[in-house]
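Written out below as structure tokens is the structure these notes cover.
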Amino acid sequence: MSGAEVELETDRCVASGQCVVAAGQVFDQDDDGIAVLLAERPAPEHLDDVREAVAVCPAAAIRLLER
Amino acid sequence: MNRIVVVGASAAGLAAAETLRREGYEGTLTLVGDEPHAPYDRPPLSKQVLAAEWERDRLPLRRPGELAALGLDLRLGTAATGLDTARRRVRMADGGDVPYDGLILATGVRPRRLPGGGAHVLRTLEDALALRERLAPGRHLVVVGAGFLGAEAAAVARGLGVQVTLLEPAAVPLAHAVGEEIGRVLSRAHADRGVRLRCGVTVTEATGGGVRLADGGAVEADEVLVAVGSAPNTEWLAGSGLTVADGVVCDAYLEAAPGVYAAGDVARWLHPLSGTSLRIEHRTNATGQGMAAARNLLRPEARRPFAAVPYFWSDQYGMRIQAHGFLRGHDEVAVVEGALDDRRFVAAYRTGDRVGGVLAVAMPPAAVQRWRQAVAHRAPWGEHVRVTV
Chain V
1 MSGAEVELET
11 DRCVASGQCV
21 VAAGQVFDQD
31 DDGIAVLLAE
41 RPAPEHLDDV
51 REAVAVCPAA
61 AIRLLER
Chain R
1 MNRIVVVGAS
11 AAGLAAAETL
21 RREGYEGTLT
31 LVGDEPHAPY
41 DRPPLSKQVL
51 AAEWERDRLP
61 LRRPGELAAL
71 GLDLRLGTAA
81 TGLDTARRRV
91 RMADGGDVPY
101 DGLILATGVR
111 PRRLPGGGAH
121 VLRTLEDALA
131 LRERLAPGRH
141 LVVVGAGFLG
151 AEAAAVARGL
161 GVQVTLLEPA
171 AVPLAHAVGE
181 EIGRVLSRAH
191 ADRGVRLRCG
201 VTVTEATGGG
211 VRLADGGAVE
221 ADEVLVAVGS
231 APNTEWLAGS
241 GLTVADGVVC
251 DAYLEAAPGV
261 YAAGDVARWL
271 HPLSGTSLRI
281 EHRTNATGQG
291 MAAARNLLRP
301 EARRPFAAVP
311 YFWSDQYGMR
321 IQAHGFLRGH
331 DEVAVVEGAL
341 DDRRFVAAYR
351 TGDRVGGVLA
361 VAMPPAAVQR
371 WRQAVAHRAP
381 WGEHVRVTV
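Here the protein sequences come in this chain order: V and R. For the record, in the first sequence the residue sitting at position 33 is 33 according to full-length UniProt numbering, with numbers rising by one throughout. For the record, in the second sequence the residue sitting at position 33 is 33 according to full-length UniProt numbering, with numbers rising by one throughout.
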């Protein structure tokens with residue numbers, strides 16, 4: 001666990017699946033391809049992958065709030 | 001390196017600026033944008049914004065606090081007008097001169113227009129808001145160009161009760177991009193929703209009350225949207241010494257000259273996977289290249305070619321279209337999952353003896369990801385594809 005929290009706006013999601021490619025431990029997709037958050041507070045070792053997911057999301061649907 | 005300038009404040013420029021900070025760059029970071037807005041997202045302009053589902057407050061790519069945290073020397077509403085690579089300075093429209101040690105060019109593209117006047121284009125927030133204000137039930141919109149942008153706008157307008165005529169110069173919409181068979185399947189969706197699709201029609205002029213055609217005919221309309229492609233914003237680089245040929249010409253690392261990189265819609269680079277020089281106007285390409293250009297600029301000793309698998313999506317009439325890899329110039333198309341008639345399928349594109357690209361319509365993520373992998377690994381065609389259309 002870490003202090004960082006992931007925020008996902010599913011109504012922005014375009015089902016690209018890029019977040020799953022970047023951080024498969026933290027994101028999955030439902031049957032329609034819409035991103036699903038597996039861990040709201042990802043483990044510290046996954047934070048770099050989440051930052052990558054934030055950066056590559058084509059819909060700007062993911063935020064990482066770091067405290 | 002103490003002074004880095006990023007010219008272009010949209011997706012590619014923002015990704016570059018963010019990556020520079022994430023990778024530990026602490027020097028002066030200037031981000032120049034000719035639009036007055038903080039970096040915002042363009043794909044929703046032809047979808048949620050045009051449909052009036054989203055207001056402008058949903059478009060910024062980062063919140064004000066996130067942007068402030070980057071510690072930028074942010075120059076919005078100011079165009080770069082010239083580049084002196086010998087003295088390493090960017091000239092600005094306001095008369096100033098910004099020096100740099102490293103430079104990233106991300107000035108994007110602008111829409112092509114028609115001769116004449118009174119027609120809309122769709123690239124900026126203002127473009128989208130101006131068009132949306134004119135869309136109302138019973139009005140007639142002519143869309144010139146049935147590419148993905150024109151098709152999305154047509155779909156939204158139909159959803160708003162607007163009469164839509166879609167004019168396309170090719171015999172089949174999108175045929176050059178996705179092949180004739182798939183182009184035909186995708187364009188059937190327009191006919192189903194009552195869009196008048198006219199192919200093989202060349203438009204010569206916007207007249208204010210519609211458009212004039214090359215065969216002497218005309219189409220009257222309340223509004224005209226021109227969606228006939230884009231031109232890279234490179235004029236300001238004249239005399240800079242950079243090679244410009246339908247984009248800023250770069251090597252595989254996105255470098256255009258020593259210490260000068262390009263990213264996004266404006267960059268033409270040598271793609272290692274395809275072996276050809278490409279310019280790609282996809283949202284994900286902008287972000288990926290912004291990140292890659294930033295890393296290569298900052299750490300030239302560890303630089304890597306930009307070899308991401310191209311990806312784009314489109315939404316029309318609730319039909320989600322996703323494509324990975326290289327579709328243009330393919331040798332063969334095969335439906336490998338689902339069925340064309342259901343408008344629910346994966347089509348694979350053969351280039352040589354490899355799976356070069358895939359296009360999925362309304363398919364579950366597992367199928368899309370499986371085929372994305374095949375593209376990423378340039379899977380041998382014969383081992384993966386059996387059904388052929």
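Virtual Cβ for every residue (Gly too), placed ideally from N, Cα, C. Note that the structure is a prediction, hence the values are computed from the model and not measured.
Contact criterion: CB-CB distance below 8 angstroms. Does residue i meet it with respect to chain R?
i      : result
P58(V) : yes
C19(V) : no
A67(V) : Checking the sequence, you will find Arg at residue 67(V) rather than Ala. So no, R67(V) is outside the interface.
G33(V) : yes
A4(V)  : no
R51(V) : yes
Q25(V) : no
A15(V) : yes
A55(V) : yes
Hey, would you say residue i sits closer than 8 angstroms to residue j, going by beta carbons?
i       : j       : result
L50(R)  : L141(R) : no
G382(R) : G357(R) : no
G27(R)  : R3(R)   : yes
V90(R)  : V5(R)   : yes
V266(R) : A119(R) : no
V6(V)   : V26(V)  : yes
V156(R) : S46(R)  : yes
T354(R) : H330(R) : First, the amino acid is wrong: residue 354(R) is Arg here, not Thr. No.
G194(R) : R158(R) : yes
R62(R)  : P39(R)  : yes
P258(R) : G247(R) : no
V145(R) : V228(R) : Here residue 145(R) turns out to be Gly, not Val, going by the sequence shown. Result yes, Cβ atoms of G145(R) and V228(R) sit closer than 8 angstroms.
A33(R)  : A15(R)  : At residue 33(R) the sequence reads Gly, which differs from the Ala that was named. No, the Cβ-Cβ distance between G33(R) and A15(R) is not below 8 angstroms.
A59(V)  : A23(V)  : no
W269(R) : D251(R) : yes
A17(R)  : G117(R) : no
A286(R) : A12(R)  : yes
V346(R) : V336(R) : yes
M92(R)  : T81(R)  : yes
Is there at least one Cβ from chain V nearer than 8 angstroms to residue i's Cβ?
i       : result
Q316(R) : no
W371(R) : no
E18(R)  : yes
D41(R)  : yes
M1(R)   : no
G8(R)   : no
A379(R) : no
A15(R)  : yes
R22(R)  : yes
A292(R) : no
Stretch-stretch touch, CB-based, cutoff 8 angstroms, three pairs: the segment 268-284 of chain R with the segment 311-330 of chain R: Because the criterion of three Cβ pairs below 8 angstroms is met, the segment 268-284 of chain R and the segment 311-330 of chain R touch.
Note down, in chain order, all residues in the segment 157-188 of chain R with a beta-carbon under 8 angstroms from any beta-carbon belonging to chain V. Close to chain V, meaning a Cβ-Cβ distance shorter than 8 angstroms, is no residue of the segment 157-188 of chain R at all.
Count Cβ pairs between the segment 177-184 of chain R and the segment 198-209 of chain R that sit closer than 8 angstroms; are there 3 or more? The count of Cβ pairs closer than 8 angstroms, one atom from the segment 177-184 of chain R and one from the segment 198-209 of chain R, stays below three, leaving the stretches out of contact.
Would you list, in chain order, the members of the segment 344-377 of chain R that have their beta-carbon closer than 7 angstroms to a beta-carbon of chain V? Shown in chain order are the members of the segment 344-377 of chain R whose Cβ falls below 7 angstroms from a Cβ of chain V: P364, P365, V368 and Q369.
Whole alpha helix (DSSP H) elements within the segment 4-30 of chain R, 4-residue minimum: Fully enclosed alpha helix (DSSP H) runs of no fewer than 4 residues occupy 11-22 of the segment 4-30 of chain R, in order along the chain.
3 or more residues per run - each beta strand (DSSP E) lying fully within the segment 196-226 of chain R: Those beta strand (DSSP E) runs which fall completely within the segment 196-226 of chain R and span 3+ residues are 196-199, 203-206, 210-213, 218-220 and 223-226.
Select from the segment 302-336 of chain R all residues with a C-beta closer than 8 angstroms to any C-beta belonging to chain V, and list them in chain order. Y311, W313, D315, R320 and Q322: these are the residues of the segment 302-336 of chain R whose beta carbon lies less than 8 angstroms from some beta carbon of chain V, given in chain order.
In chain order, each beta strand (DSSP E) run of at least 3 residues that lies wholly inside the segment 216-301 of chain R: As far as the segment 216-301 of chain R is concerned, its whole beta strand (DSSP E) runs of at least 3 residues are 218-220, 223-226, 230-232, 255-257, 260-262, 267-271 and 276-278.
Can you check the segment 99-140 of chain R for any alpha helix (DSSP H) of at least 4 residues that lies completely inside it and give the ranges in chain order? The segment 99-140 of chain R contains these whole alpha helix (DSSP H) runs: 125-134.
Suppose only complete runs of 4+ residues qualify. What are the alpha helix (DSSP H) ranges in the segment 44-110 of chain R, listed by chain order? For the segment 44-110 of chain R, whole alpha helix (DSSP H) runs of length 4 or above, ordered along the chain, are 64-68.
If you measure beta-carbon to beta-carbon, which residues of the segment 264-290 of chain R are closer than 7 angstroms to chain V? Result list: R283, T284, T287 and G288.
Residues from the segment 48-60 of chain R in contact with chain V, defined by Cβ distance under 7 angstroms: Answer set for the segment 48-60 of chain R: empty.
Please list, in chain order, the residues of the segment 82-112 of chain R that have any C-beta partner in chain V closer than 7 angstroms. Within the segment 82-112 of chain R, no residue has a Cβ that lies closer than 7 angstroms to any Cβ of chain V.
Any contact of the segment 147-155 of chain R with the segment 308-323 of chain R, i.e. 3+ C-beta pairs under 8 angstroms? Contact between the segment 147-155 of chain R and the segment 308-323 of chain R is present, because at least three Cβ pairs lie under 8 angstroms.
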